[in-house]
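S.K.: Mapping the sequence shown onto the numbering used here, position 49 (from 1) lands on 50, and the numbers just tick up by one. Glycine residues also receive a C-beta, built at the ideal position from the N, C-alpha and C atoms. Please read through the structure below; I'll follow up with questions.
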Amino acid sequence: MDIQLPIETKDIQKLIPHRYPFLLLDRITSFESMKSLTAIKNVTMSEPHFQGHFPDFPVMPGVLIIEALAQACGTLAILSEGGRNPEEIYFFAGIDNARFKRQVVPGDQLLLKVELMANKRGIGKFKAVATVEGQVAVEAEIMCAKRAVEL
2 MDIQLPIETK DIQKLIPHRY PFLLLDRITS FESMKSLTAI KNVTMSEPHF QGHFPDFPVM
62 PGVLIIEALA QACGTLAILS EGGRNPEEIY FFAGIDNARF KRQVVPGDQL LLKVELMANK
122 RGIGKFKAVA TVEGQVAVEA EIMCAKRAVE L
């Protein structure tokens with residue numbers, strides 16, 4: 002698989018099965034096989050979760066930031082394998098040491114950085130950090146597991 006950076010949304014959709022409104026990666030800006038990936042998530046007021054979280058003070062739910070990081074982890078694994086096997090999906094398998102340090106609001110750009118820490122038997126463990134303008138918003142250790150699926 003020939004990887005040309007940046008990878009835009011239409012090509013991210015060829016790698017991971019997520020779709021709007023749950024696709025949370027807008028662009029991949031860097032990638033080093035079996036090591037690291039950096040992606041961008043542009044946070045906009047038009048996202049559906051802001052209607053209820055919170056209408057008078059919109060804040061991106063922390064679980065969605067974690068999900069964006071998990072999508073970046075899965076994308077790193079898929080790119081490292083040379084592409085996605087359509088009969089396999091990387092599932093979110095675990096989270097450790099999650100810390101929420103800054104609110105994320107419409108207009109922010111999340112910089113998602115993930116690094117592979119370990120990979121054994123289809124389960125990857127990643128160090129994941131989401132920042133806004135150089136400030137850490139969320140950090141965690143995330144595990145993703147590759148599993149066969151029937152379509």
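Compute the beta-carbon to beta-carbon distance between M196 and L117, rounded to the nearest angstrom, for a pair I have assumed lies under 8 Å.
M.R.: Because the chain here runs from 2 to 152, residue 196 falls outside it and cannot be looked at.
S.K.: Looking at the unbroken alpha helix (DSSP H) that takes in K11, where does it start and where does it end?
M.R.: Segment 10 to 13, the alpha helix (DSSP H) holding K11.
S.K.: Among residues of its own chain, excluding the 5 on either side of N98, which ones have a beta-carbon nearer than 7 Å to its beta-carbon?
M.R.: Result list for N98: A141, E142, in chain order.
S.K.: Secondary structure at S93, three-state DSSP: helix, strand or coil?
M.R.: Note that residue 93 corresponds to Phe in the displayed sequence, not to Ser. Correct three-state label for F93: strand.
S.K.: Flag this pair as yes or no: are the beta carbons of E88 and A149 separated by less than 9 Å?
M.R.: It is a contact, given that the beta carbons lie within the stated cut-off.
S.K.: Can you tell me the Cα-Cα spacing of Q14 and F58, whole angstroms?
M.R.: Distance between the alpha carbons of Q14 and F58 is about 31 Å.
S.K.: Mind listing, in chain order, the continuous beta strand (DSSP E) runs of no fewer than 3 residues lying wholly within the region 27 to 76?
M.R.: DSSP runs (the beta strand (DSSP E)) wholly in the region 27 to 76: 28 to 33, 37 to 43.
S.K.: Could you name the residues of the same chain whose beta carbon sits closer than 8 Å to that of T10, not counting the 5 residues immediately before and after it, in chain order?
M.R.: So the qualifying residues of the chain are L24, L26, D27, R28.
S.K.: Per DSSP, which one or two residues make a beta bridge with G84?
M.R.: BP columns for G84 are empty, so no partner.
S.K.: Keeping to the same chain, check which residues put their C-beta closer than 7 Å to that of A68; ignore five residues upstream and five downstream.
M.R.: Checking the displayed sequence, the identity of residue 68 turns out to be Glu instead of Ala. So the list reads L25, once near-sequence residues are dropped.
S.K.: Where K114 and L38 are concerned, what is the direct C-alpha to C-alpha distance, given to the nearest angstrom?
M.R.: If I take the Cα positions, the gap works out to 6 Å.
S.K.: What residues match up with R148 in a beta bridge as DSSP calls it?
M.R.: Partner(s): I90.
S.K.: Does L16 come within less than 9 Å of chain D when only Cβ atoms are used?
M.R.: Among the chains of the structure shown, chain D does not appear; only one protein chain is present.
S.K.: Run through the DSSP bridge pairs and tell me what L111 is partnered with.
M.R.: Paired residues: K42.
S.K.: Mapping the DSSP letters down to three states, classify I143 as helix, strand or coil.
M.R.: The answer is strand: DSSP assigns I143 an E or B state.
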